[in-house]
Structure formats: structure tokens, C-alpha cells
Amino acid sequence: MKKITAILIGMLLFVSACGAGADGREQEETLAPSNTEKENMDSEESEVAENLEEKEEDTTQLPEYSTLTEQVAIEDFQLRIVEDNQGKRVMLIEDDQGQEKYKSIFTKKNNRLKIIEFNKGQIFNEVI
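Note that the sequence shown covers residues -22 to -1, 1 to 106 in mature numbering (1 follows the signal peptide of the UniProt record, and there is no 0).
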């Protein structure tokens, strides 16, 4: 019984030592991305930047824009889309110095708009 236990412990140590060497090689390979991976990442980043620029240009066409203009003096501020996915759109409303004054959260599924003024709290929460 002692021999079997000693053999099992020895095998476990041997297998674990062999496994550690393989992980080390994989880490070295993954730490240095290849040139094609770098090019792919650069092209993806530029596509994301282009998409964000397109979204920023179309803020007047958004369904929540008219409500935003009623609640906030939009002409004095700049709109910046932070998140825009299938479920919601989050925009920050900044002054000329780039300081965030308002945040709007538009839930697309139920057309609910929330406007939050950073100094005062929530100022609007209705279905539009």
C-alpha cells in the first residue's frame, strides 16, 4: 500500500513538473504578438474610431435629441456618445472646457430617457 501511494505521488509530481514547462512556453509566445496581430488590432481601432465619429455627427437625428434640447440648453454644450449598443445609448454632455455636466441614458427597448445633472441628480426620467 505504501509503495502504491509513493508511486502515485511520484507520478503526480512528474506530471505537474512537465505541465509547468509547457505553460511557460505558451506565455512567452503570447507575450509578443506577431506583426499581423498588431496590424489587425490597429485596423480594428481605426474602424472603432471612425464609427464613433459617425455617431457623434448624427446626434441631431437621435430620437432623444428633442427631449434633450427641452431639458438642457444643448447649444451651450457638446454631446459625446460614450456607449451605443443594442440595449442603450449613453451620452455625456460637456461644457466648453470639457467638464461633464449632464449624462443621458436612453433605453432603446422601451424608449425611456433618463437625464442626470451631475451636481443635482436625476432631472428627467420618462418614456418618450
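Here a beta-carbon is modelled for each residue, glycine too, at the ideal position from N, C-alpha and C. None of the values given here were measured: they were computed from a predicted structure.
**Study point:** Spatial distance of Pro41 from Ser(-7) (CA atoms)
**Key:** Their Cα atoms are separated by approximately 59 Å.
Practice item. With DSSP as the reference, label Gly(-13) as helix, strand or coil. Key: Reduced to three states, the DSSP call for Gly(-13) is helix.
Point to revise | Spatial neighbours of Gln64 in its chain, beta-carbon cut-off 8 Å, leaving aside the 5 residues before and after | key: The answer, listed in chain order, is Lys86.
Review point. Could you give the distance in angstroms between the alpha-carbon of Asn88 and the alpha-carbon of Asp74?
Key: Taking the straight line from one Cα to the other gives about 32 Å.
Check your understanding: Which first and last residues belong to the alpha helix (DSSP H) in which Gln56 is found?
Key -> Premise fails: Gln56 lies in the beta strand (DSSP E), Gln56 to Asp62, not in any alpha helix (DSSP H).
Practice item. Just tell me which of Glu61, Leu(-10), Lys92 and Glu78 has its CA closest to the CA of Asp54. Key: Closest in C-alpha terms to Asp54, from the list Glu61, Leu(-10), Lys92 and Glu78, comes Glu78.
Exercise for review: Return the chain-ordered list of same chain residues with a C-beta closer than 6 Å to the C-beta of Ile101, the five sequence neighbours on each side being excluded.
Suggested key: Correct list, in chain order: Ile93 and Glu95.
Review point. Near Thr37, what residues of its chain come up, given a Cβ to Cβ distance below 8 Å and the 5 sequence neighbours on each side ignored?
Key: Residues of the same chain with a CB within less than 8 Å of the CB of Thr37, apart from the 5 flanking positions on each side, are Tyr43, Leu57, Ile59 and Met69 in chain order.
Exercise for review: Mark Leu91 as exposed unless 16 or more other C-beta atoms lie within 10 angstroms of its C-beta, in which case mark it buried.
Suggested key: Label assigned to Leu91: buried.
Exercise for review: Would you tell me roughly how many angstroms separate the C-alpha atoms of Val50 and Phe84, rounded to the nearest one?
Suggested key: About 15 Å.
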